[in-house]
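Everything on this sheet refers to the single structure shown next.
Chains as they are written, first to last, in the numbering used here: chain A, 720 to 826; chain B, 720 to 826.
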């Protein structure tokens, strides 16, 4: 399976989520997988790319059709629980950036 | 050292580079480190975040003040050599997306 997101021609939106995990698994992996699965079911979801290094620093970029799609996903009840647990348990620190993809190139 | 980029208030630009490495080191690491070092010296560079997983899939996001800054970096002679070697030797595949960061949040 390719780890690249198959996105359409721009414009579309990218949510860049960079995070540093805390020590300990604390059921993080099943949640992370579930969130990608659930995001993929949302209207306006275009794809996601995700990597975490052995030092616990990770980058996940998810792609969306519109601001509305991002906003709906942010408000999703199961996702909100994950967001709260992320703040209190899983992430030592994180940054979230919402950006508009204007141009895209591939190899 | 924090792996997070310390970016200013939006708007600014994010270059999202996702890539799949080929097999073999082929002097990739010294080049990758040199490119981050060199990028950091360019006008309009705001920071970068980078992770590669053990499967060879990686995400690097670099942040820039303007389209002009991104364009100048793209044309930099040493960077152009790295781009060419990336195409022919280091990367099996890659995607490059240029986006405008509109909003940012942190923990």
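Virtual Cβ for every residue (Gly too), placed ideally from N, Cα, C.
Nearest C-alpha to residue 770 of chain B among A:741, A:744, A:779: A:779. Residue 772 of chain A and residue 760 of chain B have their C-alpha atoms spaced approximately 26 Å apart. DSSP, read as helix, strand or coil, puts residue 815 of chain B in strand. C-alpha of residue 745 of chain B to C-alpha of residue 762 of chain A: approximately 42 Å in a straight line.
The three-state reading of DSSP puts residue 759 of chain B in helix, counting H, G and I together. Chain A places a beta carbon closer than 9 Å to that of residue 724 of chain B, counting this residue as a contact. In this chain, the alpha helix (DSSP H) harbouring residue 804 of chain B covers 796-804.
Straight across, the Cα-Cα distance linking residue 787 of chain A with residue 743 of chain B is about 43 Å. Between the C-alpha atoms of residue 807 of chain B and residue 740 of chain A there is a straight-line separation of about 35 Å.
Rounded to the nearest angstrom, the gap between the Cα atoms of residue 805 of chain A and residue 796 of chain B is 42 Å. Burial is judged here by how many other beta carbons sit within 10 angstroms of a residue's own beta carbon; residue 753 of chain A has fewer than 16 and is exposed. CA-to-CA, the gap between residue 810 of chain A and residue 738 of chain A works out to about 6 Å. Counting only residues of its own chain and dropping the five nearest sequence neighbours on each side, residue 776 of chain B has a CB closer than 6 Å to the CB of 739. Proximity of chain A to residue 743 of chain B at the Cβ level (cut-off 7 Å) is not reached, the minimal Cβ distance being about 17 Å. With a threshold of 9 Å between beta carbons, residue 769 of chain A makes contact with chain B.
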